[in-house]
Amino acid sequence: MTQGRLVGTLADPDPAVMALLADPDEFTQRILAAAVDQMAAVGWRRSTVEDVAKRAGIGRATVYRRFTTKDALTEAVLHNELRIYLAGSTAAVAGLADVGDRMAESTVYTLEYVRNHRLIQRLLDTEPEAVLPALTTSAGPLVETIREFILAVWKHELYEDRPLPADIEKHLRTVAELHIRIAISLLLTPQTAIDLEPTDHARTFARRYLAPMLDAIGTVR
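Now the structure itself:
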């Protein structure tokens, strides 16, 4: 997948792919899992639809009925992994009422997710030219998707989906984007003077520096 296609996938997803992901059957789930394993093992360029089918234990025709090209399969993998991340981030803070605690657990989840994600690390190591633009100069679609998700979560948690004054919504959106940009920076440049190890230190960092940003103009009521 070229740099332009990867960015385009995030900005303008294929409706057919998104429909498959909305209600995936057993074979679709097996295909997606096998695709992640295959690409993490040998990289994107060296992976073929035939490789994925073999790893999933199904015929090529079964894959092609769902994903007509390698690009379509790759797009499905990207959006499915993003959905997994967002769902996991939500689950990580479920049941926590304190804003600082929620920020701490969300931060730890994100750090561990990107550090331990085999496919992300493989592509950054072996095919950075395909991935880096989507995380740097052309990261707008990715930042927007996650930012608006975080904004919706905060609006629900802090205001129970009540209408917000424009200045508060703008502030929440700004803080959400700042958090995303910090996370991307740490992903791309893990060497840092910020004390994030072990995970309790990451929690302290989040409570001390990230959580106060949220309430900088009295948004938490």
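The numbering used here puts the first residue of the sequence shown at 1208, with every later residue one more than the last. Where is the CB? At the ideal position from N, CA and C, for every residue including glycine.
Would you list, in sequence order, the uninterrupted alpha helix (DSSP H) runs of no fewer than 4 residues that lie entirely inside the stretch 1329–1359?
Qualifying alpha helix (DSSP H) stretches, in chain order: 1335–1342.
Just how far apart, CA to CA, sit T1333 and H1324?
Here residue 1333 is taken as the residue at index 126 of the sequence shown, counted from 1. Here residue 1324 is taken as the residue at index 117 of the sequence shown, counted from 1. When only Cα atoms are considered, T1333 and H1324 end up about 14 angstroms apart.
So R1329 and A1226 are in contact, right, with Cβ under 8 angstroms, and what is the actual spacing, rounded?
The residue you call residue 1329 lines up with position 122 of the sequence shown. The residue you call residue 1226 lines up with position 19 of the sequence shown. With 8 angstroms as the limit, R1329 and A1226 do not qualify as a contact, their Cβ atoms being about 28 angstroms apart.
Which whole-angstrom value is the C-beta distance of V1321 and E1312, which I expect to be below 8 angstroms?
The sequence position of residue 1321 within the sequence shown is 114, counting from 1. The sequence position of residue 1312 within the sequence shown is 105, counting from 1. Not quite, the Cβ-Cβ distance comes to about 15 angstroms (not below 8 angstroms), so this is no contact.
Taking the alpha carbon of V1360 as the reference point, which residue from T1276, L1417 and E1376 has its own alpha carbon closest?
Walking along the sequence shown from the start, residue 1360 turns up at place 153. Out of T1276, L1417 and E1376, E1376 has the C-alpha closest to the C-alpha of V1360.
Alpha carbon to alpha carbon, what distance is there between P1397 and P1220?
Within the sequence shown, numbered from 1, the residue matching residue 1220 stands at position 13. Within the sequence shown, numbered from 1, the residue matching residue 1397 stands at position 190. For P1220 and P1397, the distance between alpha carbons rounds to 30 angstroms.
Could you work out which residue in Y1292, L1339 and A1341 is closest to E1319 when comparing CA atoms only?
The residue given as residue 1319 occupies position 112 in the sequence shown. Considering only alpha carbons, the answer is Y1292.
Pull up the CB-CB distance for L1393 and M1420, whole angstroms please, since I reckon it's below 8 angstroms.
Reading the sequence shown from its first residue, position 186 is the one you call residue 1393. Reading the sequence shown from its first residue, position 213 is the one you call residue 1420. Contact doesn't hold; Cβ gap of about 16 angstroms is too wide.
Considering only C-alpha positions, which residue in the set I1357, G1266 and A1390 is nearest to H1378?
What you label residue 1378 is simply residue 171 of the sequence shown in a count that begins at 1. Among I1357, G1266 and A1390, the Cα nearest to that of H1378 is on I1357.
Would you report the Cα separation of D1258 and R1309, rounded to the nearest angstrom?
For the purposes of this step, residue 1258 is taken as the residue at position 51 of the sequence shown. For the purposes of this step, residue 1309 is taken as the residue at position 102 of the sequence shown. One Cα belongs to D1258, the other to R1309, and the distance between them is close to 41 angstroms.
Note down the Cα distance separating S1345 from L1239, rounded to an integer number of angstroms.
Start at 1 with the first residue of the sequence shown, and residue 1345 comes out as number 138. Start at 1 with the first residue of the sequence shown, and residue 1239 comes out as number 32. Rounded to the nearest angstrom, the two C-alpha atoms are 25 angstroms apart.
Going by Cα to Cα distance, which pick from K1362, T1411, R1380 and L1342 is closest to R1354?
As a position in the sequence shown, residue 1354 is number 147, starting the count at 1. Ranking K1362, T1411, R1380 and L1342 by Cα distance to R1354 puts R1380 first.
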